[in-house]
Amino acid sequence: LVDFNLILKSKGNRRSKILAKLSKSCEIAQKKGMPIIIGSGATNFYELRALSNLLAFSKFLGIREYKKPFYFAQREIIRREEAKEKGKYIMPGVVVE
1 LVDFNLILKS KGNRRSKILA KLSKSCEIAQ KKGMPIIIGS GATNFYELRA LSNLLAFSKF
61 LGIREYKKPF YFAQREIIRR EEAKEKGKYI MPGVVVE
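The numbers in our numbering rise by one with no breaks, and the one at position 88 of the sequence shown is 88.
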């Protein structure tokens with residue numbers, strides 16, 4: 001999980017170290033095929049960030065498929081709704097094939 005709020009709240013040398021570690025971690029995760037999740041890390045309404053900000057940040061970190069971490073949840077919701085329409089959705093985690 002990449003916490004955008006952690007970077008925003010850090011200052012100076014600490015911020016640059018965090019960014020360097022995140023960039024390296026994302027590079028390794030991509031090589032190993034691991035999923036990368038980017039969140040705003042907001043603890044209140046004022047810390048929320050626009051999707052465009054998080055997309056730009058993920059691109060900055062060098063994530064090749066930088067849109068993928070954001071649209072995975074939406075695709076899952078669409079699949080669930082389609083399964084509901086077909087009567088195959090029972091409850092969370094249970095879908096009739």
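All C-beta atoms in this analysis are idealised placements derived from N, C-alpha and C, irrespective of residue type, glycine included.
For clarity, every value in this text was computed on a predicted model and none was experimentally measured.
Each residue's CA atom was taken as its position, placing A83 and I18 some 41 Å apart.
Close CB contacts of T43 within its chain, under the 8 Å cut and outside five residues either way in sequence, are with N5 (chain order). Exclusion of the five residues before and after G93 leaves no residue of its chain whose Cβ lies closer than 8 Å to its Cβ. Under the DSSP definition of a beta bridge, I38 partners with V2. A straight-line Cα-Cα distance of about 23 Å links S10 and A29. Per DSSP, I28 is one residue of the alpha helix (DSSP H) stretching across G12 to K32. One Cα belongs to K24, the other to L61, and the distance between them is close to 9 Å. Secondary structure at Y89: strand, using DSSP grouped into helix, strand and coil.
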